[in-house]
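Student: Below is one structure. I have some questions about it.
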(Lines of atoms letter the chains of each structure in order from A and count residues from 1; the text may use other names and numbers.)
(Lines give C-alpha, C1' and ligand atoms only; values in the text may rest on other atoms or scores of the structure.)
Protein backbone atom coordinates (compact mmCIF):
# COMPACT_ATOMS: atom_id res chain seq x y z
CA UNK A 1 0.00 0.00 0.00
CA UNK A 2 1.26 3.47 -0.89
CA UNK A 3 2.37 5.43 2.18
CA UNK A 4 1.34 8.97 2.98
CA UNK A 5 4.16 11.51 2.94
CA UNK A 6 4.30 14.89 4.62
CA UNK A 7 3.02 17.46 2.18
CA UNK A 8 5.29 20.26 3.37
CA UNK A 9 6.91 20.32 6.79
CA UNK A 10 7.19 23.95 7.92
CA UNK A 11 8.08 26.17 10.83
CA UNK A 12 5.52 25.56 13.56
CA UNK A 13 5.11 29.30 14.20
CA UNK A 14 4.43 29.94 10.49
CA UNK A 15 1.84 27.15 10.63
CA UNK A 16 0.20 28.87 13.60
CA UNK A 17 0.01 32.14 11.69
CA UNK A 18 -1.48 30.36 8.66
CA UNK A 19 -4.13 28.86 10.94
CA UNK A 20 -5.01 32.31 12.29
CA UNK A 21 -5.32 33.82 8.83
CA UNK A 22 -7.35 30.91 7.45
CA UNK A 23 -10.05 31.17 10.11
CA UNK A 24 -10.05 34.90 10.78
CA UNK A 25 -13.44 35.30 9.10
CA UNK A 26 -15.00 32.33 10.93
CA UNK A 27 -14.29 33.56 14.46
CA UNK A 28 -15.21 34.90 16.95
CA UNK A 29 -18.43 33.01 17.49
CA UNK A 30 -21.73 34.77 18.14
CA UNK A 31 -22.99 35.57 21.62
CA UNK A 32 -25.71 34.28 23.90
CA UNK A 33 -27.55 35.58 26.96
CA UNK A 34 -27.25 33.41 30.06
CA UNK A 35 -28.15 33.77 33.77
CA UNK A 36 -25.44 35.55 35.76
CA UNK A 37 -25.44 32.73 38.30
CA UNK A 38 -24.41 30.29 35.53
CA UNK A 39 -21.72 32.52 34.01
CA UNK A 40 -18.58 31.33 35.83
CA UNK A 41 -15.57 31.21 33.47
CA UNK A 42 -17.60 32.47 30.51
CA UNK A 43 -16.25 35.30 28.33
CA UNK A 44 -18.03 38.65 28.23
CA UNK A 45 -18.83 40.12 24.81
CA UNK A 46 -19.06 43.75 25.90
CA UNK A 47 -18.60 45.90 28.96
CA UNK A 48 -21.04 45.04 31.75
CA UNK A 49 -22.47 48.04 33.61
CA UNK A 50 -24.50 48.49 36.78
CA UNK A 51 -28.28 48.54 36.36
CA UNK A 52 -28.86 49.82 39.89
CA UNK A 53 -26.61 51.49 42.45
CA UNK A 54 -24.84 49.36 45.05
CA UNK A 55 -25.69 49.81 47.80
CA UNK A 56 -29.10 50.97 46.62
CA UNK A 57 -29.67 53.12 49.73
CA UNK A 58 -27.67 54.83 52.48
CA UNK A 59 -26.78 52.01 54.86
CA UNK A 60 -25.18 51.68 58.27
CA UNK A 61 -21.68 50.20 58.11
CA UNK A 62 -21.68 49.43 61.86
CA UNK A 63 -24.06 48.56 64.64
CA UNK A 64 -24.67 51.69 66.73
CA UNK A 65 -26.75 54.84 66.64
CA UNK A 66 -27.66 56.95 63.61
CA UNK A 67 -26.99 60.61 64.33
CA UNK A 68 -26.48 64.00 62.73
CA UNK A 69 -22.71 64.41 62.85
CA UNK A 70 -22.87 68.15 63.41
CA UNK A 71 -24.62 67.59 66.73
CA UNK A 72 -21.50 65.86 68.08
CA UNK A 73 -19.09 68.68 67.29
CA UNK A 74 -17.20 69.83 70.40
CA UNK A 75 -17.92 66.55 72.19
CA UNK A 76 -15.05 64.82 74.02
CA UNK A 77 -14.39 62.53 76.94
CA UNK A 78 -14.15 65.60 79.17
CA UNK A 79 -17.20 67.15 77.56
CA UNK A 80 -19.66 64.30 76.81
CA UNK A 81 -23.03 65.00 75.27
CA UNK A 82 -26.36 63.27 75.80
CA UNK A 83 -29.00 62.59 73.13
CA UNK A 84 -32.63 61.60 73.21
CA UNK A 85 -33.40 58.20 71.64
CA UNK A 86 -35.97 58.55 68.84
CA UNK A 87 -35.58 62.31 68.62
CA UNK A 88 -31.86 63.00 68.30
CA UNK A 89 -30.63 59.49 67.49
CA UNK A 90 -31.88 56.03 66.48
CA UNK A 91 -30.40 52.62 67.20
CA UNK A 92 -29.34 50.95 63.97
CA UNK A 93 -27.81 47.64 62.86
CA UNK A 94 -25.25 47.04 60.15
CA UNK A 95 -26.92 47.18 56.73
CA UNK A 96 -30.04 48.97 57.92
CA UNK A 97 -31.16 52.09 56.00
CA UNK A 98 -30.02 55.39 57.53
CA UNK A 99 -32.90 57.83 57.95
CA UNK A 100 -32.46 60.93 55.82
CA UNK A 101 -32.42 63.03 59.05
CA UNK A 102 -29.02 61.52 59.89
CA UNK A 103 -25.65 61.47 58.15
CA UNK A 104 -23.39 59.41 60.43
CA UNK A 105 -23.27 56.39 62.72
CA UNK A 106 -21.60 56.12 66.13
CA UNK A 107 -20.58 52.50 66.63
CA UNK A 108 -22.17 50.83 69.62
CA UNK A 109 -18.84 50.44 71.47
CA UNK A 110 -18.61 54.26 71.67
CA UNK A 111 -22.15 54.74 72.97
CA UNK A 112 -23.05 54.82 76.66
CA UNK A 113 -26.69 53.98 77.43
CA UNK A 114 -27.83 56.20 80.27
CA UNK A 115 -31.44 54.96 80.42
CA UNK A 116 -34.14 53.71 78.06
CA UNK A 117 -34.55 57.20 76.60
CA UNK A 118 -31.01 58.58 76.67
CA UNK A 119 -27.54 57.81 75.33
CA UNK A 120 -24.23 59.56 75.83
CA UNK A 121 -21.45 60.14 73.27
CA UNK A 122 -17.87 61.09 74.29
CA UNK A 123 -16.31 62.03 70.93
CA UNK A 124 -17.20 64.06 67.88
CA UNK A 125 -17.54 62.37 64.48
CA UNK A 126 -17.43 63.70 60.91
CA UNK A 127 -20.35 63.52 58.45
CA UNK A 128 -20.45 60.18 56.66
CA UNK A 129 -18.75 58.29 59.47
CA UNK A 130 -19.61 54.55 59.22
CA UNK A 131 -22.27 55.12 56.58
CA UNK A 132 -22.23 53.36 53.21
CA UNK A 133 -23.89 55.91 50.96
CA UNK A 134 -25.99 54.94 47.97
CA UNK A 135 -23.71 54.12 45.03
CA UNK A 136 -20.58 53.99 47.18
CA UNK A 137 -19.62 50.66 45.57
CA UNK A 138 -21.17 51.03 42.11
CA UNK A 139 -23.21 53.89 40.70
CA UNK A 140 -25.82 53.30 38.00
CA UNK A 141 -23.94 52.88 34.72
CA UNK A 142 -20.58 52.17 36.35
CA UNK A 143 -18.42 49.53 34.66
CA UNK A 144 -18.44 46.22 36.54
CA UNK A 145 -16.33 44.11 34.17
CA UNK A 146 -14.84 44.77 30.75
CA UNK A 147 -15.37 43.03 27.43
CA UNK A 148 -13.33 39.87 26.68
CA UNK A 149 -13.22 39.10 30.40
CA UNK A 150 -13.31 35.62 31.92
CA UNK A 151 -15.96 35.82 34.61
CA UNK A 152 -14.79 34.99 38.14
CA UNK A 153 -16.87 34.21 41.23
CA UNK A 154 -16.33 37.76 42.52
CA UNK A 155 -17.58 39.16 39.18
CA UNK A 156 -20.81 37.19 39.59
CA UNK A 157 -21.23 38.84 42.99
CA UNK A 158 -20.57 42.26 41.51
CA UNK A 159 -23.17 41.80 38.78
CA UNK A 160 -25.82 40.46 41.13
CA UNK A 161 -25.26 43.32 43.58
CA UNK A 162 -25.97 45.75 40.74
CA UNK A 163 -29.29 44.17 39.81
CA UNK A 164 -28.11 42.10 36.83
CA UNK A 165 -29.74 38.70 36.34
CA UNK A 166 -28.45 37.98 32.81
CA UNK A 167 -25.19 38.64 30.99
CA UNK A 168 -24.15 38.45 27.33
CA UNK A 169 -21.26 36.03 26.79
CA UNK A 170 -19.44 34.48 23.87
CA UNK A 171 -20.87 31.12 22.86
CA UNK A 172 -18.62 28.23 23.83
CA UNK A 173 -16.99 26.62 20.77
CA UNK A 174 -18.16 23.04 20.32
CA UNK A 175 -15.11 20.88 19.72
CA UNK A 176 -15.58 17.39 18.34
CA UNK A 177 -12.98 14.82 19.42
CA UNK A 178 -12.75 11.76 17.17
CA UNK A 179 -10.38 9.06 18.47
CA UNK A 180 -9.28 6.60 15.77
CA UNK A 181 -7.36 3.33 15.63
CA UNK A 182 -8.24 -0.37 15.42
CA UNK A 183 -6.01 -1.03 18.44
CA UNK A 184 -7.69 1.62 20.63
CA UNK A 185 -10.20 0.55 23.27
CA UNK A 186 -12.32 2.39 25.83
CA UNK A 187 -10.95 2.53 29.41
CA UNK A 188 -13.78 0.32 30.70
CA UNK A 189 -13.23 -2.40 28.08
CA UNK A 190 -11.32 -5.58 28.85
CA UNK A 191 -7.68 -5.15 27.92
CA UNK A 192 -6.49 -7.57 25.26
CA UNK A 193 -3.11 -8.28 23.72
CA UNK A 194 -1.99 -5.42 21.43
CA UNK A 195 -4.80 -3.16 22.65
CA UNK A 196 -4.20 0.43 23.79
CA UNK A 197 -6.47 2.19 26.27
CA UNK A 198 -7.69 5.51 24.89
CA UNK A 199 -6.33 8.35 27.00
CA UNK A 200 -5.70 10.99 24.32
CA UNK A 201 -9.34 11.88 23.80
CA UNK A 202 -9.82 12.35 27.55
CA UNK A 203 -6.69 14.51 27.78
CA UNK A 204 -8.07 16.59 24.89
CA UNK A 205 -11.48 16.78 26.54
CA UNK A 206 -10.02 18.16 29.75
CA UNK A 207 -7.75 20.68 28.03
CA UNK A 208 -10.56 21.96 25.80
CA UNK A 209 -12.86 22.40 28.77
CA UNK A 210 -10.08 24.19 30.67
CA UNK A 211 -9.70 26.69 27.81
CA UNK A 212 -13.41 27.47 27.65
CA UNK A 213 -14.54 25.07 24.91
CA UNK A 214 -17.35 22.52 24.96
CA UNK A 215 -15.82 19.13 24.05
CA UNK A 216 -17.96 16.53 22.29
CA UNK A 217 -16.20 13.16 22.38
CA UNK A 218 -17.16 10.62 19.72
CA UNK A 219 -16.94 6.83 19.98
CA UNK A 220 -13.67 5.29 18.83
CA UNK A 221 -13.48 4.89 15.03
CA UNK A 222 -11.55 1.91 13.66
CA UNK A 223 -8.94 2.28 10.89
CA UNK A 224 -11.33 2.45 7.99
CA UNK A 225 -11.44 5.35 5.53
CA UNK A 226 -15.21 5.31 5.10
CA UNK A 227 -15.86 5.16 8.83
CA UNK A 228 -13.45 8.04 9.48
CA UNK A 229 -15.08 10.06 6.70
CA UNK A 230 -18.56 9.43 8.12
CA UNK A 231 -17.40 10.42 11.61
CA UNK A 232 -15.91 13.69 10.33
CA UNK A 233 -19.02 14.48 8.25
CA UNK A 234 -21.25 13.97 11.26
CA UNK A 235 -18.99 16.10 13.48
CA UNK A 236 -18.87 18.99 11.00
CA UNK A 237 -22.64 19.36 11.04
CA UNK A 238 -22.84 20.21 14.74
CA UNK A 239 -19.39 21.43 15.87
CA UNK A 240 -17.17 24.46 15.40
CA UNK A 241 -13.81 22.69 15.55
CA UNK A 242 -13.02 19.06 14.75
CA UNK A 243 -10.11 17.07 16.16
CA UNK A 244 -9.15 13.68 14.73
CA UNK A 245 -6.76 11.75 16.96
CA UNK A 246 -4.12 9.53 15.32
CA UNK A 247 -3.64 8.60 11.69
CA UNK A 248 -1.80 11.85 10.88
CA UNK A 249 1.60 10.26 10.33
CA UNK A 250 3.02 8.18 7.46
CA UNK A 251 2.02 4.63 8.43
CA UNK A 252 0.28 2.29 6.01
CA UNK A 253 -2.93 2.59 8.05
CA UNK A 254 -2.70 6.31 8.78
CA UNK A 255 -5.77 7.44 6.87
CA UNK A 256 -6.54 10.81 8.42
CA UNK A 257 -4.59 12.89 5.90
CA UNK A 258 -6.02 11.16 2.82
CA UNK A 259 -9.59 11.37 4.15
CA UNK A 260 -9.25 15.05 5.02
CA UNK A 261 -7.64 15.81 1.66
CA UNK A 262 -10.59 14.16 -0.08
CA UNK A 263 -13.14 16.08 1.99
CA UNK A 264 -11.52 19.52 2.08
CA UNK A 265 -8.25 21.43 2.10
CA UNK A 266 -5.04 20.59 3.95
CA UNK A 267 -3.32 23.78 5.08
CA UNK A 268 -0.33 22.19 6.82
CA UNK A 269 0.86 18.61 7.12
CA UNK A 270 3.91 18.39 9.29
CA UNK A 271 5.80 21.00 11.32
CA UNK A 272 9.40 21.24 12.50
CA UNK A 273 8.50 20.52 16.12
CA UNK A 274 9.37 17.62 18.42
CA UNK A 275 7.16 16.12 19.66
CA UNK A 276 4.23 16.95 17.38
CA UNK A 277 5.78 16.83 13.91
CA UNK A 278 3.00 14.97 12.02
CA UNK A 279 0.19 17.43 12.77
CA UNK A 280 -2.51 18.16 10.19
CA UNK A 281 -4.12 21.61 10.00
CA UNK A 282 -7.01 21.61 7.55
CA UNK A 283 -10.39 23.02 6.58
CA UNK A 284 -13.59 21.22 5.62
CA UNK A 285 -16.75 23.19 4.89
CA UNK A 286 -15.13 26.34 6.29
CA UNK A 287 -14.44 24.68 9.66
CA UNK A 288 -11.01 23.92 11.16
CA UNK A 289 -9.88 20.29 11.32
CA UNK A 290 -6.87 19.34 13.42
CA UNK A 291 -5.25 15.94 12.96
CA UNK A 292 -3.40 15.06 16.16
CA UNK A 293 -0.52 12.59 16.29
CA UNK A 294 -1.35 9.38 18.13
CA UNK A 295 1.41 9.58 20.72
CA UNK A 296 0.09 11.31 23.87
CA UNK A 297 2.93 13.81 24.35
CA UNK A 298 2.73 14.83 20.69
CA UNK A 299 -1.04 15.18 21.01
CA UNK A 300 -0.62 17.33 24.12
CA UNK A 301 1.86 19.67 22.40
CA UNK A 302 -0.36 20.15 19.32
CA UNK A 303 -3.45 20.72 21.47
CA UNK A 304 -1.52 23.26 23.54
CA UNK A 305 -0.40 25.24 20.50
CA UNK A 306 -3.01 24.98 17.75
CA UNK A 307 -6.28 23.93 19.39
CA UNK A 308 -5.82 26.42 22.23
CA UNK A 309 -5.32 29.15 19.62
CA UNK A 310 -8.52 28.22 17.76
CA UNK A 311 -10.56 28.22 20.99
CA UNK A 312 -9.14 31.64 21.91
CA UNK A 313 -10.06 32.96 18.46
CA UNK A 314 -13.58 31.57 18.83
CA UNK A 315 -13.94 33.30 22.21
CA UNK A 316 -12.20 36.51 21.04
CA UNK A 317 -9.57 36.39 23.79
CA UNK A 318 -5.79 36.14 24.03
CA UNK A 319 -4.66 32.53 24.59
CA UNK A 320 -3.84 31.72 28.18
CA UNK A 321 -0.13 31.96 28.99
CA UNK A 322 1.63 29.99 31.67
CA UNK A 323 3.98 31.38 34.25
CA UNK A 324 7.70 30.87 33.63
CA UNK A 325 10.62 30.44 36.01
CA UNK A 326 14.40 30.57 35.69
CA UNK A 327 16.35 27.41 36.53
CA UNK A 328 19.88 26.01 36.31
CA UNK A 329 20.11 23.05 33.94
CA UNK A 330 21.36 19.98 35.80
CA UNK A 331 22.69 18.04 32.81
CA UNK A 332 23.47 18.47 29.12
CA UNK A 333 20.58 18.26 26.64
CA UNK A 334 21.43 17.36 23.05
CA UNK A 335 18.83 18.44 20.47
CA UNK A 336 18.43 17.97 16.71
CA UNK A 337 19.23 20.93 14.49
CA UNK A 338 16.37 22.07 12.28
CA UNK A 339 13.66 21.00 14.75
CA UNK A 340 12.28 22.99 17.67
CA UNK A 341 11.99 20.69 20.66
CA UNK A 342 9.78 20.75 23.75
CA UNK A 343 11.53 18.95 26.63
CA UNK A 344 9.66 17.94 29.78
CA UNK A 345 11.50 19.13 32.91
CA UNK A 346 11.55 18.23 36.59
CA UNK A 347 12.37 21.10 38.92
CA UNK A 348 14.05 20.89 42.33
CA UNK A 349 15.28 23.47 44.82
CA UNK A 350 18.71 23.27 46.43
CA UNK A 351 20.42 25.94 48.52
CA UNK A 352 17.93 28.58 47.44
CA UNK A 353 18.32 27.90 43.70
CA UNK A 354 16.03 26.12 41.25
CA UNK A 355 17.49 23.29 39.14
CA UNK A 356 15.95 21.60 36.11
CA UNK A 357 16.49 18.06 34.90
CA UNK A 358 15.10 16.65 31.63
CA UNK A 359 12.72 13.71 31.81
CA UNK A 360 12.33 10.95 29.22
CA UNK A 361 11.84 12.50 25.80
CA UNK A 362 9.90 9.91 23.79
CA UNK A 363 6.62 11.15 22.28
CA UNK A 364 4.82 8.18 23.83
CA UNK A 365 6.14 8.67 27.38
CA UNK A 366 3.03 10.02 29.09
CA UNK A 367 4.68 9.66 32.51
CA UNK A 368 7.10 12.42 31.54
CA UNK A 369 4.17 14.86 31.29
CA UNK A 370 2.52 13.58 34.46
CA UNK A 371 5.75 14.05 36.43
CA UNK A 372 6.98 17.23 34.74
CA UNK A 373 6.87 20.60 36.46
CA UNK A 374 7.45 22.47 33.24
CA UNK A 375 8.50 22.56 29.60
CA UNK A 376 11.78 23.75 28.09
CA UNK A 377 11.70 25.04 24.52
CA UNK A 378 14.91 24.47 22.53
CA UNK A 379 14.96 26.45 19.25
CA UNK A 380 15.73 24.70 15.96
CA UNK A 381 19.03 26.56 15.49
CA UNK A 382 20.53 25.15 18.70
CA UNK A 383 22.08 21.69 19.08
CA UNK A 384 21.17 21.62 22.73
CA UNK A 385 21.88 23.26 26.06
CA UNK A 386 24.87 22.76 28.34
CA UNK A 387 24.62 21.77 31.97
CA UNK A 388 24.97 24.79 34.24
CA UNK A 389 23.19 27.11 31.81
CA UNK A 390 20.32 29.23 33.06
CA UNK A 391 17.13 28.26 31.23
CA UNK A 392 13.54 29.49 31.27
CA UNK A 393 10.98 26.79 32.04
CA UNK A 394 7.28 27.19 31.30
CA UNK A 395 5.38 25.78 34.27
CA UNK A 396 2.64 23.22 33.74
CA UNK A 397 1.98 22.69 37.44
CA UNK A 398 2.39 24.76 40.56
CA UNK A 399 6.01 25.22 41.63
CA UNK A 400 7.19 27.74 44.18
CA UNK A 401 10.07 29.54 42.56
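Numbering (our numbering), first residue to last: 59 to 459.
Each residue gets a CB set at the ideal place from its N, CA and C atoms; glycine is no exception.
All values reported here derive from a predicted model rather than from experimental measurement.
Just tell me which of 439, 127 and 430 has its CA closest to the CA of residue 141.
Tutor: Checked all of 439, 127 and 430; the closest Cα to residue 141 is 127.
Student: With a threshold of 16 other CB atoms inside 10 Å of the CB of residue 313, please say whether the residue is buried or exposed.
Tutor: It is buried - the Cβ of residue 313 has at least 16 other Cβ atoms within 10 Å.
Student: Do you know how far the Cα of residue 209 is from the Cα of residue 423?
Tutor: Those two C-alpha atoms are separated by around 36 angstroms.
Student: Going straight from the alpha carbon of residue 344 to that of residue 83, what length do you get?
Tutor: The straight-line gap from Cα to Cα measures roughly 10 angstroms.
Student: Quick check: the region 152-166 against the region 188-197, are there 3 or more CB pairs under 8 angstroms?
Tutor: Contact holds: three or more Cβ-Cβ distances are below 8 angstroms.
Student: Leaving out the 5 sequence neighbours to the left and right, which residues in its chain are closer than 7 angstroms to residue 220 when beta-carbon positions are compared?
Tutor: Here the set comprises 108, 109, 110, 112, 196 and 202.
Student: In this structure, does DSSP put residue 310 in helix, strand or coil?
Tutor: Confidence is the limiting factor: at residue 310 the pLDDT is only 48, short of 50, which leaves the residue's position unreliable and the question unanswerable from this model.
Student: Quick check: what's the CA-CA separation for residue 81 versus residue 346?
Tutor: Those two C-alpha atoms are separated by around 7 angstroms.
Student: Using C-beta distances below 7 angstroms, list every residue in its chain close to residue 429, excluding the 5 sequence neighbours before and after it, in chain order.
Tutor: Contacts found: 404 and 417.
Student: For residue 230, which residues from the same chain have a beta carbon less than 7 angstroms from its beta carbon, with the 5 sequence-adjacent residues on both sides left out?
Tutor: Counting only Cβ-Cβ distances below 7 angstroms, and skipping sequence neighbours, we find 270, 271 and 272.
Student: In whole angstroms, what is the alpha-carbon distance linking residue 212 and residue 374?
Tutor: Cα-Cα distance, rounded: 22 angstroms.
Student: Quick check on residue 168: does DSSP put it in helix, strand or coil?
Tutor: Residue 168 falls in the helix class under three-state DSSP.
Student: Any idea what DSSP makes of residue 353, helix, strand or coil?
Tutor: If DSSP states are grouped into helix, strand and coil, residue 353 belongs with coil.
Student: For residue 391, which residues in the same chain have their Cβ closer than 8 angstroms to its Cβ, ignoring the five residues on either side in sequence?
Tutor: Taken in chain order, the residues that qualify are 401, 416, 434, 436, 442 and 443.
Student: Tell me the residue span of the beta strand (DSSP E) that contains residue 341.
Tutor: Residue 341 -> beta strand (DSSP E) spans 338-342.
Student: Is the number of C-beta pairs between the region 327-334 and the region 278-285 that are closer than 8 angstroms three or more?
Tutor: The region 327-334, when compared against the region 278-285, does not touch it at the 8 angstroms Cβ threshold.
Student: Under the three-state reduction of DSSP, which class applies to residue 438: helix, strand or coil?
Tutor: DSSP places residue 438 in coil when its eight states are reduced to three.
Student: Just mark residue 146 as buried or exposed, buried being the case when its beta carbon has 16 or more other beta carbons within 10 Å.
Tutor: Buried: at least 16 other Cβ atoms inside 10 Å.
Student: Run through the DSSP bridge pairs and tell me what residue 332 is partnered with.
Tutor: Its beta-bridge partners are 399.
Student: Between the beta-carbon of residue 234 and the beta-carbon of residue 299, is there less than 9 angstroms?
Tutor: Taking 9 angstroms as the Cβ cut-off, residue 234 and residue 299 qualify as a contacting pair.
Student: Just list the beta strand (DSSP E) runs in the region 203-268, keeping only unbroken ones of 3 residues or longer that don't cross its boundaries, in chain order.
Tutor: With a minimum length of 3 residues, the continuous beta strand (DSSP E) runs that stay inside the region 203-268 are 224-228 and 232-237.
Student: Short of 7 angstroms in beta carbon distance, which residues of its chain neighbour residue 105, apart from the five on each side in sequence? Order them along the chain.
Tutor: Cβ within range, chain order: 201, 204 and 205.
Student: So which of 304, 283 and 318 has the shortest CA-CA distance to residue 294?
Tutor: Nearest C-alpha to residue 294: 318.
Student: Helix or strand or just coil, what does DSSP make of residue 446?
Tutor: Three-state DSSP puts residue 446 in coil, outside helix and strand.
Student: Under the three-state reduction of DSSP, which class applies to residue 316: helix, strand or coil?
Tutor: In the structure shown, residue 316 sits in a helix (DSSP, three-state: H, G or I).
Student: What are the partner residues of residue 163, as DSSP defines its beta bridges?
Tutor: 124.
Student: Using the Cα positions of residue 74 and residue 67, report the straight-line distance between them to the nearest angstrom.
Tutor: For residue 74 and residue 67, the distance between alpha carbons rounds to 13 angstroms.
Student: Would you call the CB atoms of residue 322 and residue 304 closer than 9 angstroms?
Tutor: Their beta carbons are not under 9 angstroms apart, which means residue 322 does not touch residue 304 by this criterion.
Student: Sorted by chain position, which residues of the same chain lie with C-beta nearer than 8 angstroms to residue 468's C-beta, five sequence neighbours on each side aside?
Tutor: This structure does not reach residue 468, given that the chain is present from 59 up to 459, and the question cannot be answered.
Student: For residue 320, which option in 296, 335 and 291 has the closest C-alpha, if you only look at C-alpha atoms?
Tutor: Cα-wise, what sits closest to residue 320 is 291.
Student: With a threshold of 8 angstroms, are at least 3 pairs of Cβ atoms found where one atom belongs to the region 377-386 and the other to the region 234-251?
Tutor: Touching, no, given that fewer than three Cβ pairs across the two stretches are closer than 8 angstroms.
Student: Assuming the contact rule is C-beta atoms closer than 8 angstroms, residue 154 and residue 119 should be a hit. Round their C-beta distance to whole Å, please.
Tutor: With a Cβ gap of about 10 angstroms, residue 154 and residue 119 do not count as contacting.
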